[in-house]
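In this note's numbering, the protein residues as written are 80 to 359. Glycine included, each C-beta is placed from N, C-alpha and C at the ideal position. Notes follow the structure.
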């Protein structure tokens, strides 16, 4: 019997993580089991005084904290909390339980969450974990991107963290000509571990895919106007209309790593390209 687990997040007014079990040869999914749930996310604070200070200074605004990226390693769940808006104390976390309450514990530490600190994480949208236990953390670099008056530009980067040794393996800051420091959105990441490449979607209106070469420690940007540029599209969620003009968003890599799939968030078409054309 083989089990596959799927973790799901709903990041509107109510959040919960569930898992489902799939048994090979059985064509149905049992009911999901809720593992963690929140009306609003809460953190594993150092002390009650720390929480009070963050609330009083606007460094923690509970309603502005939503969960996006989710990864599992050795049975532990890790989640990203994007800094779209102010009041997000920690952008990368491990989900823990204390006294029956699900909490977000800053990962790898509180010190790594300091806004404005060039040695800390600024805004994590997503991450990947390879078979060695290296977490490839994608840092958007910019903070408060949904509030133009409060937006703080900064360089997007990738931080590779050894989860077993609890230390940094490598850090890379993307040059401005690859991912613009004031107008890029390093959104999603997929890995070709064997060859040492990471593919990253740039979810701006014109789209793009950044290719990071771990061995050479360099990156470049590939764009294609015909398949990546956003197609303006109206979407209604909970009776609220949204006008989407975002380019390349979701990306996926085939099992043999020979094909990359991608699409813009507002398009109804899925595109593919052979990775040999991107890494040559």
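Span separating the alpha-carbon of residue 348 from that of residue 125: Cα to Cα, residue 348 sits roughly 47 angstroms from residue 125.
Burial state of residue 229 (16 or more Cβ within 10 Å): It is exposed - the Cβ of residue 229 has fewer than 16 other Cβ atoms within 10 Å.
Within 7 angstroms, strictly: CB atoms of residue 235 and residue 199: No, they are not a contact pair.
Three-state class that DSSP yields for residue 114 in the structure shown: Residue state for residue 114 is assigned as strand, using DSSP reduced to three classes.
Residue burial classification, residue 115 (beta-carbon count within 10 angstroms, cutoff 16): Under the 10 Å beta carbon count, residue 115 is surrounded by 16 or more other beta carbons and is classified as buried.
Of the listed residues 141, 128, 130 and 171, nearest to residue 149 (C-alpha basis): Nearest neighbour of residue 149 by Cα position, chosen from 141, 128, 130 and 171, turns out to be 171.
C-beta contact flag for residue 270 and residue 207 at 7 angstroms: Closer than 7 angstroms, so yes.
Extent of the continuous alpha helix (DSSP H) run through residue 131: Element bounds for residue 131: 127-135.
Cβ-Cβ distance between residue 216 and residue 267 below 7 angstroms: Not closer than 7 angstroms, so no.
Beta-bridge pairing of residue 152 - partner residues as DSSP gives them: Residue 152 has 155 as its beta-bridge partners, per DSSP.
Collapsed DSSP secondary structure at residue 190 in the structure displayed: Here residue 190 sits in helix by DSSP.
Residue environment, residue 159, which counts as buried when at least 16 other CB atoms sit within 10 Å: That one is buried.
C-beta contact flag for residue 273 and residue 310 at 7 angstroms: With contacts defined as CB atoms closer than 7 angstroms, residue 273 and residue 310 fail to qualify as a contacting pair.
Completely contained beta strand (DSSP E) runs for the region 211-239, where each covers 3 or more residues: Segments of the beta strand (DSSP E) lying fully in the region 211-239: 213-218.
Three-state secondary structure (DSSP) of residue 299: The DSSP-derived three-state label of residue 299 is strand.
Residue 305 - DSSP class collapsed to helix/strand/coil: Helix, per DSSP.
For residue 146, the first and last residue of its enclosing beta strand (DSSP E): Counting along the chain, residue 146 falls outside any beta strand (DSSP E), and DSSP gives it neither H nor E.
Residue 353 - DSSP class collapsed to helix/strand/coil: In the three-state reduction of the DSSP assignment, residue 353 falls in the strand class, which pools E and B.
Option in 261, 338, 167 and 305 with minimal Cα separation from residue 189: For residue 189, the nearest C-alpha among the options comes from 167.
For residue 335, the nearest candidate out of 182, 354, 245 and 247 (CA to CA): Measuring C-alpha to C-alpha distances from residue 335 to each of 182, 354, 245 and 247 identifies 354 as the nearest.
Buried versus exposed, by CB contacts within 10 Å (16 or more), residue 220: Counting Cβ neighbours within 10 Å, residue 220 comes out buried, since at least 16 surround it.
Residue 281 versus 342, 319 and 296, residue with shortest Cα-Cα distance: Selected option, being the one with the closest Cα: 342.
Pairwise C-alpha distance: residue 292 and residue 339: Going from the Cα of residue 339 to the Cα of residue 292 covers about 16 angstroms.
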